[in-house]
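This report concerns only the one structure given below.
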Amino acid sequence: MKKLIPFLLLLLLSVQADAQRRSKRKKKREQAPIEVVDTIPAYTPAMIRLKLHEAVDADQKALMASDGKADAQLNVSADGQVNTAVSDAAAKRVDWLQYEIETDRTMDQRLKANYLSGLSEILRYVKTGWRRGEVDAAYLPQILATYKKCIEADRNKQSIAPVIYNLPYDVAYTAILPRVFKDNVGYKDTKDVLLLKLSERYPHKTFASLRTNPESPYADSLIRVMAHKYPQQLYDYAQANNKLSYKIQNIEDDALIKSIVDMARSDNKSGQFYFPFLDLISSGKLTIQDIDGVKNDPVKYFRLLVKTQIEYSKRASAGDTAIGYRSLLSKLEQKAKDEFVAPINGLHERPDAIRFRVLQPLSAEELYYVAVLTNGLIYTSSYTNGVYPLMMRKARNRGDELLKNLNFDHYRKFISQAASYNTLKNFLSTFADKEDTKKLMTSFVSNLEKTEGLEDGVDVADSYASVYETLPDLAGQMLSDVKENLNRNKQAGNQKGVAIYSILNNLFLSADSSNHIDLTKELHIPPVYDISFNTLANEKGEVISQVFFYGDQDGRNIFNGFLNMFNPSNWKIDRGNKQWVVIKSTKGNPVSIYANRPLDELKGEDDKAQRALNAYLEEHDLFPTVTIHRGHSYYAPTTIDYMSPTSKLVFMGSCGGFNLIDSILRKSEDAHIIASKQIGKTAINKPFFLLLTEKLRTGKDIEWIPFWKEFKGRANVPGFEDYIPPYKNLGAIFIKAYKKETGETDI
């Protein structure tokens, strides 16, 4: 195990940046040796193993079809070379491995059966795992090669641990997943190896893995490292009554861990109220008693959260990151949503005096966080009629002073949101010095290559369409600033910056039709302005759609209306299943719509129905290419979690914000996303569904610009402007293009 020491030290010292790790993984995939697989000689499996070979063949076929097309090509990446290698592995290399196992005269019958069963297990895991984001299917060639090496070591009664020492986690874990290796002499060592690899590849899963392997010799060191990265997780696991919690509680020489343990073990179960202030508590700047004095008052507690966030943001600007700052932001977001936005959204039909009463005690700074931290959840009217005007009134109509008081925290998100809700022009007009507006917007688009992740870049991309329509001079400045930043990054040789600003430059230029910018050509991404019928249809020419419903009262009402919209002359509804219905076209092209019933959410029956439907679709190799979310915005993450990665067209009512868009594109990188900034309205949704299903039934391509004009003609009611067509969803296009340009998947 000495070979593991440098790995652990590397992890503990944190000398590898996330970007470097991604680059390393990509390089390993590109440089992996490619086996030449010749024609497999004819052979006859022994009768005793015939069913095992048939099972491998079936799992092989199911894996090949898991991208939605039952053909000879398995598409798991935007990279054609990767897809070719993976397809070769899933077909030829699996066949070859079957042949080698079956015809090996030195291998006993028991091992042959075990290794064939293990091959099936690997194929099934890759099939389901890559669809759920649990394994990178691009590693399939290496996984199979590693499994073969493990077989050779195992049959020779040698440890399999050395085989996986230097491999990426996805390869190592999947290759030794089969239970056949559980009796191998090195199996215990592999658990420790995998624990370290997992902590490097998926650090956020480390505590979950430690729970099942608390006796690892690396447990104590990993707890100390991960406690500072994920203090919230440490808190959760410290509360349990198991071996891992005992190990956590026995660490007495780390002040942070000791503070978290004390919170987790508090008798009054108020640890979650204290946790966001962990940094201040551990440094003695805030006491438990201070928090006890406000925690039962929503406004006072929110005020303390905001005060702490402003302090943390000031420290961050000076390069000092507060411990648990993510937990503070998460709690602040939760309280903004639960205590303020949910109530005013829910009262959208009541008079403003009643609807916005809950906001009155809040300061301008507190209202600012209510707005920016609920982006994608707050209704248009909640923002424009309530939060924004009250915030500006309490800021004495001085937007520049407000941003200074906030240390410009989340200012890009605020500007993007203001542009989206058409309040940016008003906000900038309140600046005392007009030069400051230009400086702010220059800062808005500058130095994006230095920011963590892509969220800031998405905010800039999303804002431009609105700025172009309402503030043309400002749009011109933004375009000029983007070009300047592009040239600066080219001169500096900063590849991330060049990628970001090249994409933004093309996106901004495309807003002016006279520039004739072809985004598909310029950004090397699938078509933005249309999606062909053939793209949505499977090899049988059938389009599979899936609709997600939820079991609240609104969900039940929407479901009944949804079923009633299908004309019996063209559609047939099968209501035979207790958990879902199937709607099939009876004329024209075959279209099947699967929708779970909105069963009781309090009993979790709607979730069970969604899971059961997904299992049915997977079992029958039915891969949806159209996904429709019908439910409130707080259900959206569940829909995204359950949606099929084969989805090419995704309708998300009440969807918005970077996190949801990014989550959708992580599931399906080429998805065309229709998003709404407001609550979904039947008067708008119904015409959309009718128009979409009719296009599909008649086998027509979806051309978004004429489609949207026709859609508007059928649904030209208040709120239509809140629905964003795919070609205007610049944030989604930006993410797609960046992934394509850089090859990165973890952004």
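According to the working numbering, the sequence shown is numbered sequentially starting from 357.
Here a beta-carbon is modelled for each residue, glycine too, at the ideal position from N, C-alpha and C.
Looking at the secondary structure, which residues open and close the alpha helix (DSSP H) in which residue i lies?
i	result
His409	406 to 420
His584	575 to 585
Asp444	436 to 444
Ala669	It should be pointed out that residue 669 corresponds to Ser in this sequence rather than to Ala. That run of the alpha helix (DSSP H) goes 654 to 673.
Ser1003	Ser1003 -> no alpha helix (DSSP H), and no H or E assigned at all.
Ser989	No alpha helix (DSSP H) contains Ser989, which DSSP labels as neither H nor E.
Residue i: buried (16+ other C-beta within 10 angstroms of its C-beta) or exposed?
i	result
Asp403	Residue identity check: residue 403 is Met in the sequence provided, not Asp. Answer is exposed; the Cβ neighbour count stays below 16.
Gln966	buried
Tyr454	Before going further, note that residue 454 is Gln rather than Tyr in the sequence given. By the 10 Å Cβ count, Gln454 comes out buried.
Ser858	buried
Asp708	exposed
Val392	Bear in mind that a pLDDT of 45 at Val392, under 50, signals an unreliable position, so the number given afterwards is only what the model happens to contain. Per the 10 Å Cβ criterion, exposed.
Glu722	buried
Gln498	buried
Arg931	exposed
Thr502	buried
Ser738	buried
Ala1088	buried
Pro389	Confidence in Pro389 is poor, its pLDDT being 44 and thus under 50, which makes the residue's placement unreliable; the coordinate value appears in the next sentence. Flag for Pro389 reads exposed.
Phe1090	buried
Leu406	exposed
Leu955	buried
Asn1072	exposed
Gly911	buried
Leu419	buried
Arg488	exposed
For residue i, which option in the options has the closest C-alpha, if you only look at C-alpha atoms?
i	options	result
Asn1085	Glu878, Ala1071, Ser819	Ser819
Ser601	Asp789, Gln589, Pro745	Gln589
Val854	Asn845, Ile396, Pro1062	Asn845
Val549	Lys561, Asp526, Ile520, Lys538	Ile520
Ser941	Asp874, Gly932, Ser925, Val412	Ser925
Arg580	Asn598, Asp962, Ala596, Val617	Val617
Asn598	His988, Thr395, Asn569, Ala418	Asn569
Lys934	Asn945, Asn439, Ala951, Pro946	Ala951
Leu842	Leu804, Gly832, Leu973	Leu804
Ser615	Ala596, Ile679, Lys781, Val662	Ile679
Phe1007	Ser719, Phe1044, His704	Phe1044
Asp492	Val438, Ala727, Leu467	Val438
Thr1098	Leu810, Asp868, Ser869	Leu810
Under 8 angstroms between the Cβ atoms of residue i and residue j?
i	j	result
Leu733	Phe712	no
Lys1096	Ile881	yes
Ala594	Leu879	no
Leu408	Ala469	yes
Pro1082	Ile1040	no
Gly424	Thr1002	yes
Tyr495	Asp526	yes
Lys769	Asn731	yes
Tyr735	Asn701	yes
Pro587	Ser686	no
Ser948	Val937	no
Trp452	Ile396	yes
Gln429	Val450	no
Ser802	Asp765	no
Leu1047	Phe1067	yes
Taking residue i as part of the beta strand (DSSP E), name the residues at either end of that continuous run.
i	result
Leu842	Per DSSP, Leu842 belongs to no beta strand (DSSP E); it is in the alpha helix (DSSP H), 828 to 848.
Tyr950	947 to 952
Ile939	936 to 941
Asp930	927 to 930
Phe783	Not the beta strand (DSSP E): Phe783 falls in the alpha helix (DSSP H), residues 780 to 784.
Phe905	899 to 905
Val982	982 to 986
Ala1031	1028 to 1032
* Asked: Would you call the stretch 650 to 660 and the stretch 747 to 759 touching, i.e. three or more CB-CB distances under 8 angstroms?
  -> Fewer than three pairs of CB atoms, one per stretch, sit closer than 8 angstroms, so the stretch 650 to 660 makes no contact with the stretch 747 to 759.
* Pairing CB atoms from the stretch 469 to 480 with CB atoms from the stretch 532 to 546, are three or more of them under 8 angstroms? -> Judged by Cβ distances under 8 angstroms, the stretch 469 to 480 makes contact with the stretch 532 to 546, as three or more pairs qualify.
* To do: Evaluate contact between the stretch 696 to 710 and the stretch 635 to 651, counting only Cβ atoms and requiring at least three cross-stretch pairs below 8 angstroms.
  => Touching, no.
* Asked: So, do the stretch 501 to 515 and the stretch 541 to 555 have three or more beta carbon pairs nearer to each other than 8 angstroms?
  -> At 8 angstroms Cβ cutoff, the stretches touch.
* Is it a yes or a no for the stretch 979 to 997 touching the stretch 896 to 915, going by three-plus beta-carbon pairs under 8 angstroms? -> With contact defined as three or more Cβ pairs closer than 8 angstroms, the stretch 979 to 997 and the stretch 896 to 915 are in contact.
* Can at least three beta-carbon pairs, one atom from the stretch 1052 to 1061 and one from the stretch 887 to 899, be found at a separation below 8 angstroms? -> Three or more Cβ pairs closer than 8 angstroms define a contact, and the stretch 1052 to 1061 meets that threshold against the stretch 887 to 899.
* Can we say the stretch 771 to 783 touches the stretch 823 to 834, given the rule of at least three CB pairs closer than 8 angstroms? -> These segments touch.
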